[in-house]
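Enquirer:
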Amino acid sequence: MNAILELRGVSKAFPQHRAVDRVSLEVKAGAFQALLGPSGSGKTTLLRLVAGFEVATEGDILLEGRRVNDLPPYRRNVSTVFQNYALFPHLTVEENVGFGLERRGERDIRRKVREGLELVRLTGKEQRYPAQLSGGERQRVALARSLVLRPGVLLLDEPLAALDPALRKQMRGELKELQARVGTTFLFVTHDCEEALSLADRVAVMNAGRIAQVGSPQEVYLRPATRFVAGFLGAVNWIEGVGIRPEALRLGLDGAPGNGEKRRRAVVVGATFLGNCLHVETRLESGDPAVIEISRPFPAVSPGTPVDVWWHPHDEMRFP
Amino acid sequence: MRLRFWFLLPARLGMTVLLAAPLAIIVAYSLLHRGPYGGLELPWTLESYQRLADPLYLRIVARSLGLAAAATALALALGFPAALAIARARRYRNLLLQLVMLPFWSSFLVRTYAWVFLLRDTGLVNTTLLALGVIREPLPLLYHDGAVLLGLVYGYLPFMILPLYAALERLDPALEEAAADLGAHPWAALWQVVIPLARPGIRAGSVLVFIASLGAYLTPDLLGGAKTVMIGNLIQNQFTTSRDWPFGSALALALMMLVTLLVTHLLRRDAEAL
Amino acid sequence: MRLTLSLAATAVFAFLHAPLAVLALFSFNASRFTVWEGFSLGWYRAALRDQALAEAAGNSLLIALVSAAVATAAGTLAAYGMWKRQDRILLGSLYLSLVTPEIVMGVALLALFQFAFRWLDLQLGMFTVVLAHVAFSLAFVVIVVSARLRTLDRSLEEAAMDLGAGEWQAFRLVTLPALTPAILAAALLALTLSFDDYVITSLVAGVDSETLPMWIYAAARRGVSPVLNAISALVVMFFGLVILLSEALQRRARNGRTR
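As structure tokens, this is what we get:
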């Protein structure tokens, strides 16, 4: 599998700041790639550079081996699903989905539109207008509209952000399944780590215009390359200069060590019930605070209770 | 986006030819000398601007400023209750706005003429009062400053109501409730809370009415007769009967500058407020 | 306090409408004096028969249609161009044209035309009036269309281009349909502005191009005639309808219905 999209030293400098700073990335064909980062990290700008809505001030963008820096959006073989879907309000679902096909002068548009809608499981609504559809349905129309053009890469801008939480979980599964079915390379932008981890095969974590780390979801979560990546992907306890995730810590009320596990004495400071888990805040002997995430059964602890905190060295995250 | 150049071209051309060029020409004319037959000739001179200081013309400027100020004050006094009533009306708000806007958009000329119809010696007001025996001779209701003032207020009242309404509508109703909760009588709340917060609207409306009144032509012409000459009439005169284009140009530019100063002053104040 | 407010407001509304209402009422007066002597449509009949009046009205209509068309086209394109990217100079000049008193605009345009006519073998006439009307209508068109553009989602045009539409196609297929109600509203506004203008028109019109406002003004100067009342009532009604239509269109545009 070759890289269908390649970014080499790509920068985008605005008068006031560099939104993207010499980013290099390879996206393999068929991948589900995430660009994860906080707002202002440059991820959206990067997406727009690939789409053609911004022009790179430095570097090369290669699509299917060809340099596309100077090509306008309507001549690139990528398609974008916008955050609020950008469906044309004055056109029906059928006309929306067929829009790109019409521009290309393709034939047999009605059939292709029908196939596209079948792909996203939205048949039967061809004559409706966007205003008459629900949020989830609109997203499907946007997906169909882009996918019928068989783009080399499908770009998605915060695909789940506009949906309400209940719908989000459902769409997550559907998106993953859709991508697997069509095989198109998906590149999406998000600030939500849960979204990135659950959807993507590969995650590129961005910060201040640069890529901090690229890897599988497991890699970026369990083996973060920098403190920033560690902190952005989830909560981190810093114990004696080493980072450990709350769920990697164990609370022992009486001694019972596992193999090679480390142990420290601590005092409970408080506990917060979060529904599906309990966060126990402690203070270690060394003075470092540590939060331990515990699933059921919840131990009975109160402030002042002395406890043992255990963890396995392979869960430690060390940074230079 | 090369398309943008062609899209903007017609308007740019229009503004250059129909606004910038005319203004440039009257700037030039204001610095020329009036020829014997009403034409324009060199040398370049500032005499037209110097004539502005002549007490005869200063009186006209003073009257214009005075009338404009009076019209603004009256418009504020009348417009505020109207704007407040609209802002508070929940159900009929749009209807009320339409009621204000409709007369405003329906031919300024006709609206001004309507007052001629009402106020002249054989007009409705006089004939009614005569018929009722209240007066024995028709009252001179027309062709003086009072009539012009009435015409200005009537003509430009909507200019005051709309910005006031916009400012009042933005007001958080919770503020008035808080004032009441803290012991303020409705009148006190009005003076202490509503009016101060409506100040941007008051400023905007006042500037609009003032500027419009200052540059008025039709109103003093139809309602003021020969006795009430405002700057607008004076300017028109120079370009027609008096054929003194340099002086007319100087007057026009002076008016223009006054108006532009007022507007930029207002914009700066509101920009600061932001 | 509510009562005082309602009373005061009612008084103001009455003040705004009374003069026109009275005028309209007396246009149906059988007598030419300001004493009611019975209902009659005679003055309306006289108005429709007046040749000079008909010619003036015809001139006004022609001028209004042409100037509104030109101003709407140029203004819409300008509003769109500025929506894509600011043009401070153009915007500033449009605001200047709004702020400039009519009399100043009128004499300045007169000066321009007379100056230009030294080289061109032309005279003041209908076309100078049309040009003048375009000059002051342009800013209003830009305002109305810009207001609608501000509510549009920019990503729609981007989506169109993403799907293969060029710049002009994106404008034509996606933005223009959404703008149509606002464009019509702006055109109607330009029509009314042109139809009602007296000050500027009287300065730049030629001898053969009397407009309706000029006729009305001359009639008002001569002394009140009941025919004038009838014409006034007709004009007010005409304007009222046009403005209501324009507002309805703008409301439709605001509610996002683009069909």
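So the sequences go chain by chain: P, F and L.
Each residue of the first sequence is one higher than the last, beginning at 95 in this note's numbering.
Each residue of the second sequence is one higher than the last, beginning at 3 in this note's numbering.
Each residue of the third sequence is one higher than the last, beginning at 30 in this note's numbering.
Glycine included, each C-beta is placed from N, C-alpha and C at the ideal position.
Looking only at DSSP bridge pairs, what is Gln307 (chain P) linked to?
Expert: The residue labelled residue 307 (chain P) in the question sits at position 213 within the first sequence. According to DSSP, Gln307 (chain P) bridges with P:Val299.
Enquirer: Quick check for students: name the residue ranges of the alpha helix (DSSP H) that lie wholly in the stretch 237 to 281 of chain P, counting only runs of 4 or more.
Expert: Whole alpha helix (DSSP H) segments, 4+ residues: 259 to 276.
Enquirer: Counting only beta-carbon atoms, is Thr287 (chain L) nearer than 8 Å to chain P?
Expert: For the purposes of this step, residue 287 (chain L) is taken as the residue at position 258 of the third sequence. With a pLDDT of 47 at Thr287 (chain L), under the threshold of 50, the modelled position of this residue cannot be trusted, and the question is left open.
Enquirer: Assuming Gly193 (chain L) contacts Tyr168 (chain P) (C-beta within less than 8 Å), just tell me the rounded distance between them.
Expert: As a first step, residue 193 (chain L) is located in the third sequence; it is residue number 164 there, counting from the start. As a first step, residue 168 (chain P) is located in the first sequence; it is residue number 74 there, counting from the start. Going by Cβ atoms, the distance from Gly193 (chain L) to Tyr168 (chain P) rounds to 5 Å, so yes, they are a contact pair.
Enquirer: Residues in the same chain with beta-carbon distance under 7 Å from Thr287 (chain L), minus the five sequence neighbours each way, listed in chain order, please.
Expert: Counting from 1 along the third sequence, the entry for residue 287 (chain L) is found at position 258. Because Thr287 (chain L) sits at a pLDDT of 47, beneath the cut-off of 50, its placement in the model cannot be relied upon, and the following sentence gives the value as read from the coordinates. Hits under 7 Å: Pro206, Ala207.
Enquirer: Interface residues of chain P around Pro210 (chain L) at Cβ under 7 Å?
Expert: Translated into positions along the third sequence, residue 210 (chain L) becomes position 181. Those within 7 Å of Pro210 (chain L) in chain P number zero; the least Cβ separation is about 11 Å.
Enquirer: Measure the C-alpha to C-alpha separation of Glu178 (chain F) and Ile212 (chain L) and round it to an integer number of angstroms.
Expert: For the purposes of this step, residue 178 (chain F) is identified with residue 176 of the second sequence, where counting begins at 1. For the purposes of this step, residue 212 (chain L) is identified with residue 183 of the third sequence, where counting begins at 1. Whole-angstrom Cα-Cα distance: 40 Å.
Enquirer: Could you check if Lys106 (chain P) is buried or exposed, using at least 16 other CB atoms within 10 Å of its CB as the buried criterion?
Expert: For this step, residue 106 (chain P) is matched to residue 12 along the first sequence. Result: buried.
Enquirer: Measuring only between beta-carbons, confirm whether Asn178 (chain P) sits less than 8 Å from chain L.
Expert: What you label residue 178 (chain P) is simply residue 84 of the first sequence in a count that begins at 1. By this cut-off, Asn178 (chain P) is an interface position.
Enquirer: Name, going along the chain, the residues of the stretch 137 to 158 of chain P whose beta-carbon falls closer than 7 Å to a beta-carbon of chain L.
Expert: Listed in sequence order: Ala145, Phe147.
Enquirer: Please classify Gly250 (chain F): is it buried, with 16 or more other beta-carbons within 10 angstroms of its beta-carbon, or exposed?
Expert: Residue numbering aside, residue 250 (chain F) sits at position 248 when the second sequence is read from its first letter. Result: buried.
Enquirer: For the stretch 170 to 182 of chain L, which residues have a CB atom closer than 8 Å to at least one CB atom of chain P, in sequence order?
Expert: Correct list: Asp182.
Enquirer: Under 8 Å, CB to CB, which of the residues in the stretch 241 to 269 of chain P have a partner in chain L?
Expert: Listed by position, the residues of the stretch 241 to 269 of chain P near chain L (Cβ gap below 8 Å) are Leu243.
Enquirer: Do you know offhand how far Ile155 (chain P)'s Cα is from Trp112 (chain L)'s?
Expert: Mapped onto the first sequence, residue 155 (chain P) falls at position 61. Mapped onto the third sequence, residue 112 (chain L) falls at position 83. C-alpha separation (whole angstroms): 29 Å.
Enquirer: Let me confirm a value: Lys263 (chain P) is counted as buried when at least 16 other C-beta atoms fall within 10 Å, else exposed. Which label applies?
Expert: Your numbering for residue 263 (chain P) matches position 169 in the first sequence. The residue is exposed, with fewer than 16 neighbouring Cβ atoms inside 10 Å.
Enquirer: Residues in the same chain with beta-carbon distance under 8 Å from Leu276 (chain F), minus the five sequence neighbours each way, listed in chain order, please.
Expert: Here residue 276 (chain F) refers to the residue found at position 274 of the second sequence. Note that Leu276 (chain F) scores 43 on pLDDT, short of 50, meaning its location in the model is unreliable; the coordinates nonetheless yield the value given after this. Excluding positions up to five away in sequence, the list is empty.
Enquirer: Quick check on Tyr179 (chain P): buried or exposed, where buried means 16 or more other Cβ atoms within 10 Å of its Cβ?
Expert: For the purposes of this step, residue 179 (chain P) is taken as residue 85 along the first sequence, with counting starting at 1. It counts as buried.
Enquirer: Going straight from the alpha carbon of Gly346 (chain P) to that of Ala394 (chain P), what length do you get?
Expert: As a first step, residue 346 (chain P) must be located in the first sequence, where it is residue number 252. As a first step, residue 394 (chain P) must be located in the first sequence, where it is residue number 300. Roughly 12 Å between the two C-alpha positions.
Enquirer: Do Gly127 (chain P) and Ala294 (chain P) have their CB atoms nearer than 8 Å?
Expert: For this step, residue 127 (chain P) is matched to residue 33 along the first sequence. For this step, residue 294 (chain P) is matched to residue 200 along the first sequence. Correcting the residue identity first, residue 127 (chain P) is Gln in this sequence and not Gly. A contact, by the Cβ cut-off of 8 Å.
Enquirer: Less than 8 Å between the beta carbons of Ala75 (chain L) and Val265 (chain L), yes or no?
Expert: If you number the third sequence from 1, residue 75 (chain L) lands on position 46. If you number the third sequence from 1, residue 265 (chain L) lands on position 236. For Ala75 (chain L) and Val265 (chain L), no; Cβs fall outside 8 Å.
Enquirer: Among all the DSSP beta bridges, which residues are the ones paired with Ile338 (chain P)?
Expert: To locate residue 338 (chain P), count along the first sequence from 1; it is residue 244. Ile338 (chain P) pairs with P:Asn331.
Enquirer: What do you get for Phe182 (chain P), buried or exposed, if any count of 16 or more other CB atoms within 10 angstroms of its CB means buried?
Expert: In the first sequence, counting from the first residue as 1, residue 182 (chain P) sits at position 88. It is buried - the Cβ of Phe182 (chain P) has at least 16 other Cβ atoms within 10 Å.
Enquirer: Check each residue of the stretch 182 to 209 of chain P: if its Cβ is closer than 8 Å to any Cβ of chain L, include it; give the result in chain order.
Expert: Cβ contacts with chain L: Phe182, Pro183, His184, Phe193, Gly194, Arg197, Arg198.
Enquirer: Do you know offhand how far Arg98 (chain L)'s Cα is from Phe7 (chain F)'s?
Expert: Taking the first residue of the third sequence as position 1, residue 98 (chain L) is located at position 69. Taking the first residue of the second sequence as position 1, residue 7 (chain F) is located at position 5. As written in the sequence, residue 98 (chain L) is Ala, which differs from the Arg given in the question. So the two alpha carbons sit approximately 21 Å from each other.
Enquirer: What does Val51 (chain L) touch in chain F if you count any residue whose Cβ is under 8 Å from its own?
Expert: Taking the first residue of the third sequence as 1, we reach residue 51 (chain L) at position 22. Those are Ala116, Phe119, Leu120, Leu126, listed as they occur along chain F.
Enquirer: Give the straight-line distance between the Cα atoms of Trp197 (chain L) and Leu185 (chain P), rounded to the nearest whole angstrom.
Expert: The residue you call residue 197 (chain L) lines up with position 168 of the third sequence. The residue you call residue 185 (chain P) lines up with position 91 of the first sequence. If you take the alpha carbons of Trp197 (chain L) and Leu185 (chain P), they lie about 18 Å apart.
Enquirer: With H, G and I counted as helix, E and B as strand and the rest as coil, what does DSSP make of Arg288 (chain L)?
Expert: Within the third sequence, residue 288 (chain L) is the residue found at index 259, counting from 1. With a pLDDT of only 44 at Arg288 (chain L), under the threshold of 50, the placement of this residue in the model should not be trusted; the figure read from the coordinates follows. Coil.
Enquirer: Just the Cα atoms here: how many angstroms apart are Ala64 (chain F) and Phe156 (chain L)?
Expert: The residue you call residue 64 (chain F) lines up with position 62 of the second sequence. The residue you call residue 156 (chain L) lines up with position 127 of the third sequence. Each residue's Cα considered, the two are about 37 Å apart.
Enquirer: Give a single yes or no on whether Gln194 (chain F) has its beta carbon closer than 7 Å to a heavy atom of the ligand NAP.
Expert: This structure lacks the ligand NAP, and indeed carries no ligand of any kind.
Enquirer: In the structure shown, what three-state DSSP assignment does Trp46 (chain F) receive?
Expert: Here residue 46 (chain F) refers to the residue found at position 44 of the second sequence. In the structure shown, Trp46 (chain F) sits in coil (DSSP, three-state: anything other than H, G, I, E or B).
Enquirer: Kindly give me the distance between the Cβ atoms of Cys371 (chain P) and Glu387 (chain P), rounded to whole angstroms, as I take these residues to be in contact under 8 Å.
Expert: Stepping through the first sequence from its first residue, residue 371 (chain P) is reached at position 277. Stepping through the first sequence from its first residue, residue 387 (chain P) is reached at position 293. Indeed, because the Cβ distance is near 5 Å, the residues count as touching under 8 Å.
Enquirer: Looking at Pro105 (chain F): is its Cβ nearer than 8 Å to the Cβ of Ala38 (chain L)?
Expert: Taking the second sequence and counting its residues from 1, the one referred to as residue 105 (chain F) is at position 103. Taking the third sequence and counting its residues from 1, the one referred to as residue 38 (chain L) is at position 9. Not closer than 8 Å, so no.
Enquirer: Is there contact between the stretch 270 to 281 of chain P and the stretch 102 to 117 of chain P, where contact requires at least three CB pairs shorter than 8 Å?
Expert: These segments do not touch.
Enquirer: Over what stretch of residues does the alpha helix (DSSP H) that includes Glu152 (chain P) continue unbroken?
Expert: Along the first sequence, one-based indexing puts residue 152 (chain P) at 58. No alpha helix (DSSP H) holds Glu152 (chain P); the beta strand (DSSP E) holding it covers 152 to 157.
Enquirer: Please list the partners that Thr174 (chain P) has in chain L, where partner means a Cβ-to-Cβ separation under 8 Å.
Expert: As a first step, residue 174 (chain P) must be located in the first sequence, where it is residue number 80. Going along chain L in sequence order, the residues near Thr174 (chain P) (Cβ under 8 Å) are Glu187, Ala188, Asp191.
Enquirer: What is the rounded straight-line gap between the Cα of Ser374 (chain P) and the Cα of Val403 (chain P)?
Expert: As a working mapping, residue 374 (chain P) is identified with position 280 in the first sequence. As a working mapping, residue 403 (chain P) is identified with position 309 in the first sequence. The sequence as given places Val at residue 374 (chain P); Ser does not occur at that position. Distance between the alpha carbons of Val374 (chain P) and Val403 (chain P): 11 Å.
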